[in-house]
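Trainee: Those protein sequence lines, which keep their order, are chains A and B.
The numbering used here applies: residue 1 is where the first sequence begins, and numbers increase by one.
The numbering used here applies: residue 1 is where the second sequence begins, and numbers increase by one.
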Amino acid sequence: MRNVITYVIAFLFILTLNFLLPRMLPGDPLMAIYGNEALIAMTPELKAHLIERFALDQPLWQQFGAYLVALVQGDLGYSYYYNAPVSSIVLGRLPWTLLLVGTALIISTLLGIVLGIESGWRRGSRRDKSLLTGLMTVSGFPDFFLGILLLIGFGVTWGIFPLSGAITPYSGMSGAALMLDVLHHLFLPLTALTLCHIGASYLLTRNTMVTVLKNPYILMAKAKGLPDRAVRYKHAGRNALLPVVTRTGIQLGRLVTGVIFVEIVFAYPGLGYLTYEALLARDYPVLQGVLLIVAVSVLIANFLVDLSYSKLDPRIRYAH
Amino acid sequence: MPFRKALLILLPLALVCCLLVIFYGGRGQPSESTSYTIADSTGDWGYPSPYTHYSRGPGYVRMSLIFETLVWKDDSDFVPALATDWEYVEEENAYIFELRDDVTWHDGTNFTAEDVIFTIDYVKTHPNPFVTLIGPSGVKEAAAIDDYTVKLYLEQPYAPFLHDVAGTLAIIPKHIWEYVAQPEEFTDAQAVIGTGPYTLADYSKEHGTYLYKAYEDYYLGKPAVDEIKFVKISEEMIPAALKEGSIDAGDVPPEVVSEMEEAGFTIITAPYAWNAKLTLNHQKEPLSSKQFRQALAYAINRTALVEITQRGHAMAGSPGMMPPTSSWYNPDTPQYEYDPAMTKQLLEGLNYTLENGYFTKGGEELELELIAAADFKEVGQFVKQQLEEVGIKIDFSTLEAKTVDAKVEAWDFDLAVYGHGGLYEPSILKRVIMDKGFNSARYDSNQALNQLIEAQLSEMDAGKRKELVWQIQEIYAEDLPALTLYYPDWYWAHDGSVPLYYTMDGIASGIPIPLNRLAFVE
Numbered sequence: 001m002r003n004v005i006t007y008v009i010a011f012l013f014i015l016t017l018n019f020l021l022p023r024m025l026p027g028d029p030l031m032a033i034y035g036n037e038a039l040i041a042m043t044p045e046l047k048a049h050l051i052e053r054f055a056l057d058q059p060l061w062q063q064f065g066a067y068l069v070a071l072v073q074g075d076l077g078y079s080y081y082y083n084a085p086v087s088s089i090v091l092g093r094l095p096w097t098l099l100l101v102g103t104a105l106i107i108s109t110l111l112g113i114v115l116g117i118e119s120g121w122r123r124g125s126r127r128d129k130s131l132l133t134g135l136m137t138v139s140g141f142p143d144f145f146l147g148i149l150l151l152i153g154f155g156v157t158w159g160i161f162p163l164s165g166a167i168t169p170y171s172g173m174s175g176a177a178l179m180l181d182v183l184h185h186l187f188l189p190l191t192a193l194t195l196c197h198i199g200a201s202y203l204l205t206r207n208t209m210v211t212v213l214k215n216p217y218i219l220m221a222k223a224k225g226l227p228d229r230a231v232r233y234k235h236a237g238r239n240a241l242l243p244v245v246t247r248t249g250i251q252l253g254r255l256v257t258g259v260i261f262v263e264i265v266f267a268y269p270g271l272g273y274l275t276y277e278a279l280l281a282r283d284y285p286v287l288q289g290v291l292l293i294v295a296v297s298v299l300i301a302n303f304l305v306d307l308s309y310s311k312l313d314p315r316i317r318y319a320h
Numbered sequence: 001m002p003f004r005k006a007l008l009i010l011l012p013l014a015l016v017c018c019l020l021v022i023f024y025g026g027r028g029q030p031s032e033s034t035s036y037t038i039a040d041s042t043g044d045w046g047y048p049s050p051y052t053h054y055s056r057g058p059g060y061v062r063m064s065l066i067f068e069t070l071v072w073k074d075d076s077d078f079v080p081a082l083a084t085d086w087e088y089v090e091e092e093n094a095y096i097f098e099l100r101d102d103v104t105w106h107d108g109t110n111f112t113a114e115d116v117i118f119t120i121d122y123v124k125t126h127p128n129p130f131v132t133l134i135g136p137s138g139v140k141e142a143a144a145i146d147d148y149t150v151k152l153y154l155e156q157p158y159a160p161f162l163h164d165v166a167g168t169l170a171i172i173p174k175h176i177w178e179y180v181a182q183p184e185e186f187t188d189a190q191a192v193i194g195t196g197p198y199t200l201a202d203y204s205k206e207h208g209t210y211l212y213k214a215y216e217d218y219y220l221g222k223p224a225v226d227e228i229k230f231v232k233i234s235e236e237m238i239p240a241a242l243k244e245g246s247i248d249a250g251d252v253p254p255e256v257v258s259e260m261e262e263a264g265f266t267i268i269t270a271p272y273a274w275n276a277k278l279t280l281n282h283q284k285e286p287l288s289s290k291q292f293r294q295a296l297a298y299a300i301n302r303t304a305l306v307e308i309t310q311r312g313h314a315m316a317g318s319p320g321m322m323p324p325t326s327s328w329y330n331p332d333t334p335q336y337e338y339d340p341a342m343t344k345q346l347l348e349g350l351n352y353t354l355e356n357g358y359f360t361k362g363g364e365e366l367e368l369e370l371i372a373a374a375d376f377k378e379v380g381q382f383v384k385q386q387l388e389e390v391g392i393k394i395d396f397s398t399l400e401a402k403t404v405d406a407k408v409e410a411w412d413f414d415l416a417v418y419g420h421g422g423l424y425e426p427s428i429l430k431r432v433i434m435d436k437g438f439n440s441a442r443y444d445s446n447q448a449l450n451q452l453i454e455a456q457l458s459e460m461d462a463g464k465r466k467e468l469v470w471q472i473q474e475i476y477a478e479d480l481p482a483l484t485l486y487y488p489d490w491y492w493a494h495d496g497s498v499p500l501y502y503t504m505d506g507i508a509s510g511i512p513i514p515l516n517r518l519a520f521v522e
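1) How long is the line joining the alpha carbons of residue 224/B and residue 300/A, rounded to whole angstroms?
2) Within this structure, are the beta carbons of residue 501/B and residue 306/B separated by less than 8 Å?
3) In whole angstroms, give me the CA-to-CA distance for residue 214/B and residue 198/B.
4) Quick check: is the beta carbon of residue 142/A nearer than 8 Å to any beta carbon in chain B?
5) Quick check: residue 563/B and residue 128/B, are their CB atoms within less than 8 Å of each other?
6) Within this structure, are the beta carbons of residue 294/A and residue 100/A separated by less than 8 Å?
7) If you scan the segment 73-133 of chain A from start to end, which runs of the alpha helix (DSSP H) of 4 or more residues do you find wholly inside it?
8) Closer than 8 Å, Cβ to Cβ, to anything on chain B: give me those residues from the segment 79-102 of chain A, in chain order.
9) Give me the subset of the segment 255-276 of chain A whose CB atoms are less than 7 Å from a CB atom of chain B, sorted by chain position.
10) Identify, in the order they occur along the chain, each residue of the same chain with its Cβ nearer than 8 Å to the Cβ of residue 93/A, setting aside the five sequence neighbours on each side.
11) Tell me which residues share the same chain as residue 3/A and place their Cβ nearer than 7 Å to its Cβ, disregarding the 5 neighbours each side in the sequence.
12) Three-state secondary structure (DSSP) at residue 230/A?
13) If you pair each beta-carbon of the segment 412-420 of chain B with each one of the segment 275-285 of chain B, do three or more pairs fall below 8 Å?
14) DSSP three-state call for residue 188/B: helix, strand or coil?
15) Please classify residue 126/A as buried or exposed, where buried requires at least 16 neighbouring CB atoms within 10 angstroms.
16) How long is the line joining the alpha carbons of residue 84/A and residue 104/B, rounded to whole angstroms?
17) Got a sec: which bits of the segment 222-248 of chain B sit with their beta carbon under 7 Å from any beta carbon on chain A, in order along the chain?
18) Give every residue of the same chain whose Cβ lies closer than 8 Å to the Cβ of residue 86/B, excluding the five residues on either side of it in the sequence, and list them in chain order.
19) Distance check for residue 57/B and residue 477/B, CA to CA, integer angstroms please.
20) Can you tell me whether residue 40/B is helix, strand or coil according to DSSP?
21) Measuring only between beta-carbons, confirm whether residue 159/A sits less than 8 Å from chain B.
22) Would you identify the three-state DSSP class for residue 488/B, choosing helix, strand or coil?
23) Do you know whose CA, among 248/B, 219/B and 221/B, lies nearest residue 231/B's CA?
24) Kindly say whether residue 509/B, judged by its beta-carbon, lies nearer than 8 Å to any beta-carbon of chain A.
25) Could you give the C-beta distance for residue 390/B and residue 323/B, rounded to a whole number, given that I count them as a contact under 8 Å?
26) Just grab the DSSP bridge partners of residue 93/B for me.
27) Out of curiosity, what's the CA-to-CA distance linking residue 304/A and residue 71/A?
28) Would you please verify whether the beta carbon of residue 249/A is less than 8 Å from any beta carbon of chain B?
29) Determine whether the Cβ of residue 46/B lies closer than 8 Å to any Cβ atom of chain A.
30) Could you give the uninterrupted runs of the alpha helix (DSSP H) lying entirely in the segment 198-258 of chain A, keeping only those of 4 residues or more?
31) Helix, strand or coil for residue 130/B, going by three-state DSSP, please let me know.
32) Would you say residue 29/B faces chain A, with C-beta separation under 8 Å as the test?
33) Mapping the DSSP letters down to three states, classify residue 180/B as helix, strand or coil.
34) Would you mind sorting residue 439/B into buried or exposed? The rule is 16 or more other CB atoms within 10 Å of its CB.
35) Among 46/B, 66/B, 65/B and 402/B, which residue has its Cα nearest to the Cα of residue 59/B?
36) Shortest alpha-carbon distance to residue 150/A belongs to which of 165/A, 230/A and 266/A?
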């Protein structure tokens, strides 16, 4: 319960910041809320309408009230660049980012854990050393650089994968063919992101694994004559998982913004690319909308991580 | 344990849901007929209806495949569109347009003079970012003489009327739009019913793609290309996509032009329409002195600037702003050929003395602040270096683009590098010399220049107007409120299956994109 209250406080804090920041910018708050694009289209009637809508002529607390009421109704604001409600723009992009980031996160974490366990189990072996060196090298590259390398190699030079976008526009495909087309477009950006993120969960698992292996219960498990695999995964692996889960939770929020560069390189129509376009156009409503979505997703991710802790390690339930 | 299992099931399930949402949104169309694919690095330019496309050139171009104007242009002249013939009646200050009687809207309704009159009244009450019908370029009254003749009475004589209004204003169907109160929010299928050669089959905001189908009953006959697609491809990938054959046309950077030509692509070059300028704060000492501004112009080698900062892919600027390739260009414009000795002489005439390599006056060193957005970093550095060479100290900083705009607008600068387009029709001169806004030199202290700029706008005789525009260039170059540095080269590459060309003075009011709808029709 105490947990829930903490999250509510954090959520309110984010809302307040999101509300206050544009209003604290010097100059006309309408300009700050709507950016340059609105001024091109701004007629006196529109201005009066907007001032009323945001209660800009009212005291600050009433403005905050108007903001909250709009938010509850799902109104994230209106973008004058896109000439559309922010919520519909953000929701149109969200599935693509979730697909890319979600898949990358799952693959890189699972792969990282498995490789980390294997590596840590036989620390110092040839396999461990080569895995360590290889993954450290690959993860050292920035994600966009890996993306560019992959794009030039597999896209431009060998022509195996498409050059940009998330689907082949107007190809007339449907069903399984369309699904393959989406995966075909997903492959390179996904590989770039996965390779970049695998290193961290691998290293973390490997290190924890090394510590865990020193515990008496591992010796006990071995002494019971359990098969190697069972000791490795059920006894040592599970206990090595906790820090990785924490990290993955933190990553989930960061990945939405961390994916910006990869999405730009591949012109992938996700939230990262949207953020970049909104920055270029100074489209404040969209930026704020993305910010809010990201902040909320970080909160949700952390909440889920909190929940999963006690499942993974029952000791935590009693620690509070 | 159940939780872990649940997680293992839930996560993939969420992904499948994502995929489903995406599939549901992605509709495909079969493509057996002739199809033409155009690449664009931005992709989304808004719903291609007159009030919902983004108010930039590419948005207008996408709209212009569906909607037509009274007159249009090809690569060399005005050509008939919805009007077959037009005439200016000087005594009444009115244009008479004879309309085609064989035009149908995409929903089958006949096009008549009613639609034209309606459009003009509608745009007057619902301002459109591309056409202004109130003020000097306005239409006082629109009258239908018969079903296929309209007479437009102008507010005042306006020379660029055909170019800026009749050739830009998209005519909309009365029977649909008379019920539309909020045109900016009108985005259903009815909003893209026009008279043009193409109809919109699909538009995707997320993917930045457009699909157009030929309109079978088009009055000039069924268009030659059955299907036009716009797809989003990042700038750097366009050459590779052309070679791969997944697109037919796209803009390419100057560096790859020869490589693309060797690969068998047709390269077309845009007539110069855009200039980078060094704008001078003529409101402030010492730049308020004309001689001082001229002294700066002599110190900057614009030919070398093009070679070094643009790697030769540009043309050196003319101080009269209109590009030397323009039909309006005055070859007698003062050029300020690179001459540092002249700079020295002019500055000494203003009581500056050269001490330790820098000019000083009254014991104070001459130092100017130069600002530029990151895009112009190299240009700014070059200007700094050239001016310091002759002895003017420059404090150069690159700022975020909007900050440069704001500082220039507030006159809080000495020198600034920025750029703007539109150098086709001389009506731009008023906007970028006299009018307000950071894009303009906001120079109105020379009465003779002001009068000339106003006079050319209302001079209906083309020959006389050209004389006025010539004089403007001379005086502007003499007074030098800003110095045009260069005009960049812009290229498109295409596979030759459609004869793309650049429209005379740009599409409509001056859009430098080679996608004139007529190229897809004939």
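Even glycine gets a Cβ: it sits at the ideal position worked out from N, Cα and C.
Given the structure is predicted, the values throughout are model-derived calculations rather than measurements.
Mentor: Quick look at the numbers:
1) Roughly 54 Å between the two C-alpha positions.
2) It is not a contact, given that the beta carbons lie outside the stated cut-off.
3) If you take the alpha carbons of residue 214/B and residue 198/B, they lie about 5 Å apart.
4) Not a single CB atom of chain B sits nearer than 8 Å to the CB of residue 142/A.
5) No answer is possible for residue 563/B: the residues shown for chain B start at 1 and end at 522.
6) For residue 294/A and residue 100/A, no; Cβs fall outside 8 Å.
7) DSSP runs (the alpha helix (DSSP H)) wholly in the segment 73-133 of chain A: 86-121.
8) Using a CB distance below 8 Å, the part of the segment 79-102 of chain A facing chain B consists of 81, 82, 83, 84, 89, 92, 93, 95, 96, 98, 99 and 102, ordered along the chain.
9) Within the segment 255-276 of chain A, the residues whose Cβ lies closer than 7 Å to some Cβ of chain B are 267 and 269, listed in chain order.
10) Counting only residues of its own chain and dropping the five nearest sequence neighbours on each side, residue 93/A has a CB closer than 8 Å to the CB of 269, 270, 271, 273 and 274.
11) Here residue 3/A has 306 as same chain residues with Cβ atoms under 7 Å from its own Cβ, once five neighbours each way along the sequence are excluded.
12) Helix at residue 230/A.
13) Enough Cβ pairs lie closer than 8 Å, so yes.
14) Coil, per DSSP.
15) The residue is exposed, with fewer than 16 neighbouring Cβ atoms inside 10 Å.
16) Roughly 31 Å separates the two Cα atoms.
17) Under the 7 Å Cβ criterion, the segment 222-248 of chain B contributes 229, 231, 232, 233, 234, 237, 240, 241 and 244.
18) Excluding sequence neighbours, residue 86/B sits near 70, 71, 95, 96, 97, 98, 162 and 166.
19) For residue 477/B and residue 57/B, the distance between alpha carbons rounds to 29 Å.
20) Three-state DSSP puts residue 40/B in a strand.
21) Closer than 8 Å: yes.
22) Reduced to three states, the DSSP call for residue 488/B is strand.
23) Of 248/B, 219/B and 221/B, the residue nearest in Cα terms is 248/B.
24) Under the Cβ distance rule, residue 509/B does not count among the residues neighbouring chain A, no pair being separated by less than 8 Å.
25) About 27 Å separates the two Cβ atoms, so there is no contact after all.
26) Partner(s): none; residue 93/B has no beta bridge.
27) Near 24 Å, if we compare the C-alpha coordinates of residue 71/A and residue 304/A.
28) For residue 249/A, no Cβ of chain B is located within less than 8 Å of the residue's own Cβ.
29) Residue 46/B counts as touching chain A.
30) Scanning the segment 198-258 of chain A for uninterrupted alpha helix (DSSP H) segments of 4 residues or longer gives 216-223 and 238-258, listed from N- to C-terminal end.
31) Per DSSP, reduced to three states, the secondary structure at residue 130/B is coil, with no helix or strand assignment.
32) Confidence is the limiting factor: at residue 29/B the pLDDT is only 43, short of 50, which leaves the residue's position unreliable, though a coordinate-based value still follows. Interface residue, yes.
33) Coil, per DSSP.
34) By the beta-carbon neighbour count (other beta carbons within 10 angstroms, threshold 16), residue 439/B is buried.
35) That would be 46/B, whose Cα lies nearest to the Cα of residue 59/B.
36) 266/A is the residue among 165/A, 230/A and 266/A whose C-alpha sits nearest the C-alpha of residue 150/A.
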